[in-house]
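Heads up: the sequence shown begins at 285 in the numbering used here, then just goes up one per residue. Yeah, the Cβ is synthetic: ideal placement off N, Cα and C, and Gly gets one too.
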Amino acid sequence: MKIFLTGGTGFIGGNVARKLRERGDDVVALVRSPEKAGGLREIGCELVAGSLADEAVIDKALEGCDAAIHGAAIYEVGIPESRHEDMRKANVAGTETVLGAALRAKTPRVVYISTIGAFGNTHGEVVDETYEHPAESFTSYYEETKWQAHQVAKNLIADGLNCVIVQPAGVYGPGDHSELGNLTKQVLAGKLPLIPFPDFGLVVVHVDDVADGILLALDKGEIGEAYILGAETTTHRDFIRTVAEVGGKKPPSRALPSGVLKAIAPAGSVVGPILGFPPNMRELISAADGVTLWSTSEKAKRELGYDPRDLRTTISDTLREIGKLPS
């Protein structure tokens with residue numbers, strides 16, 4: 285197949301591109317700067333220079349494609365308000381542009397990479413694809429924009445877009461620059477004396493398993509349906525403990541009191557980076573303190589044959605790949 289891909293220089297998208305090429309698919313990747321997309325060029329992707337706002341470029345790139353995968357987005361929690369417009373343009377307007385172009389081109393198969401973050405705080409409940417965000421309040425601007433983009437995809441499906449939605453959980457693995465990746469690095473370096481938000485509930489999954497799930501959705505997903513791609517339901521405390529145990533490190537035993545974080549939040553732009561937190565600490569607290577992002581992948585397992593590995597196995601694989609697994 286010939287597949288148009290956005291987000292190919294990102295963490296998930298790069299692994300999707302690699303797996304597509306390994307099975308023999310042709311990949312046309314939209315990139316802002318071809319000079320900085322050498323990894324995609326090396327595996328044989330065709331690079332198209334442009335942004336998510338370049339409608340004419342995207343229209344042209346979609347010509348002759350059998351499918352499209354839209355994964356480009358900005359994923360950050362705790363950004364200052366000055367960056368909200370950039371995030372909205374990427375996450376919401378970018379989705380409107382790419383999926384709208386695919387609808388016009390009558391692309392036979394489209395996969396939109398959403399997130400379980402579009403569900404918002406599940407308040408201790410393990411939800412499935414039928415769950416609806418109350419849309420009354422959001423824990424972060426990222427959550428708000430990804431919920432809006434999810435609605436864009438659903439509306440375009442109603443208009444005739446041949447689209448399948450996938451919703452990855454908390455993704456980790458080699459090359460991860462997210463908060464999970466940051467936590468992993470701090471634990472392995474012995475630089476995490478206290479556990480931030482120990483009861484923050486999340487579902488974690490290795491990036492290779494997510495990429496496999498995306499290809500399964502591309503091949504087998506039912507048009508108009510959504511599929512959650514997660515693996516293991518956990519908390520910050522248990523994730524950190526597992527990383528420490530597998531990595532041969534002593535895990536921190538005490539929690540960082542949320543009250544301390546709330547007290548220093550007004551000075552977040554100065555204190556946050558020093559402590560390894562983003563500058564908007566109020567938003568970080570809102571998105572993690574007392575929050576669960578729990579969901580089940582049973583539908584993807586049942587309908588797609590999705591088969592993610594457990595946390596301990598993939599942490600071992602990750603540490604082995606980055607040379608941090610004790611001998």
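Taking just the CA atoms, how far does residue j sit from residue i?
i           : j           : result
residue 578 : residue 485 : 6 angstroms
residue 465 : residue 332 : 29 angstroms
residue 502 : residue 449 : 10 angstroms
residue 363 : residue 598 : 30 angstroms
residue 367 : residue 567 : 13 angstroms
residue 338 : residue 314 : 10 angstroms
residue 481 : residue 389 : 46 angstroms
residue 409 : residue 576 : 8 angstroms
residue 587 : residue 504 : 8 angstroms
residue 447 : residue 346 : 15 angstroms
residue 556 : residue 563 : 5 angstroms
residue 326 : residue 298 : 12 angstroms
residue 361 : residue 426 : 6 angstroms
residue 570 : residue 479 : 17 angstroms
residue 334 : residue 353 : 16 angstroms
residue 533 : residue 312 : 43 angstroms
residue 406 : residue 497 : 23 angstroms
residue 560 : residue 600 : 24 angstroms
residue 294 : residue 469 : 19 angstroms
residue 463 : residue 342 : 31 angstroms
Against chain B, does residue i count as a neighbour if the rule is that its beta carbon must be under 8 angstroms from one of theirs?
i           : result
residue 563 : Chain labels in this structure do not include chain B; a single protein chain is all it has.
Taking residue i and residue j to be in contact with their CB atoms under 8 angstroms, please state how far apart those CB atoms are, rounded to whole angstroms.
i           : j           : result
residue 397 : residue 487 : In fact, because the Cβ distance is near 16 angstroms, the residues do not count as touching under 8 angstroms.
residue 391 : residue 433 : The pair is not a contact, with the Cβ atoms about 18 angstroms apart (cut-off 8 angstroms).
residue 329 : residue 355 : Between residue 355 and residue 329 the Cβ distance is about 14 angstroms, and since that is not below 8 angstroms, they are no contact.
residue 393 : residue 460 : With 8 angstroms as the limit, residue 393 and residue 460 do not qualify as a contact, their Cβ atoms being about 28 angstroms apart.
residue 525 : residue 535 : 5 angstroms
residue 471 : residue 528 : 5 angstroms
Would residue i and residue j be called neighbours here (beta carbons separated by less than 8 angstroms)?
i           : j           : result
residue 512 : residue 370 : no
residue 336 : residue 382 : yes
residue 418 : residue 531 : no
residue 456 : residue 602 : yes
residue 491 : residue 296 : yes
residue 500 : residue 590 : yes
residue 445 : residue 387 : yes
residue 429 : residue 376 : yes
residue 358 : residue 340 : no
Give me the residue from the options with the minimum Cα distance to residue i.
i           : options               : result
residue 304 : 287, 367, 320 and 318 : 287
residue 506 : 583, 468, 496 and 607 : 583
residue 443 : 456, 375, 365 and 385 : 385
residue 310 : 348, 321, 334 and 294 : 348
residue 458 : 606, 592, 545 and 543 : 606
residue 483 : 474, 572 and 308      : 572
residue 423 : 435, 416, 402 and 441 : 402
residue 515 : 593, 545, 387 and 307 : 593
residue 452 : 285, 342, 307 and 495 : 495
residue 549 : 539, 537, 560 and 565 : 565
residue 596 : 428, 517, 574 and 420 : 517
residue 270 : 359, 510 and 301      : Given that the chain is displayed from residue 285 to residue 611, the structure contains no residue 270 and the question cannot be resolved.
residue 414 : 301, 508, 608 and 462 : 508
Task: Continuous alpha helix (DSSP H) assignments of at least 4 residues falling wholly in the stretch 355-405 - done: As for any alpha helix (DSSP H) of minimum length 4 sitting wholly inside the stretch 355-405, the runs are 368-372 and 378-389, ordered along the chain.
Open item on the list: In chain order, what are the residue ranges of uninterrupted beta strand (DSSP E) at least 3 long that sit wholly in the stretch 544-611?
Closed with: Here no run is fully enclosed.
- [ ] Run through the stretch 418-455 for me and flag every whole beta strand (DSSP E) of 3 or more residues, listed as ranges in chain order.
- [x] Here the runs fully enclosed are 447-452.
Task: Complete runs of the beta strand (DSSP E) confined to the stretch 450-525 [at least 3 residues] - done: If we require 3 residues or more, the beta strand (DSSP E) runs fully inside the stretch 450-525 come out as 454-456, 478-480, 485-490, 510-513 and 516-519.
Open item on the list: I'd like the ranges of any alpha helix (DSSP H) spanning at least 4 consecutive residues and lying wholly in the stretch 322-359.
Closed with: Runs of the alpha helix (DSSP H) lying entirely within the stretch 322-359 and spanning at least 4 residues, in chain order: 322-326 and 339-346.
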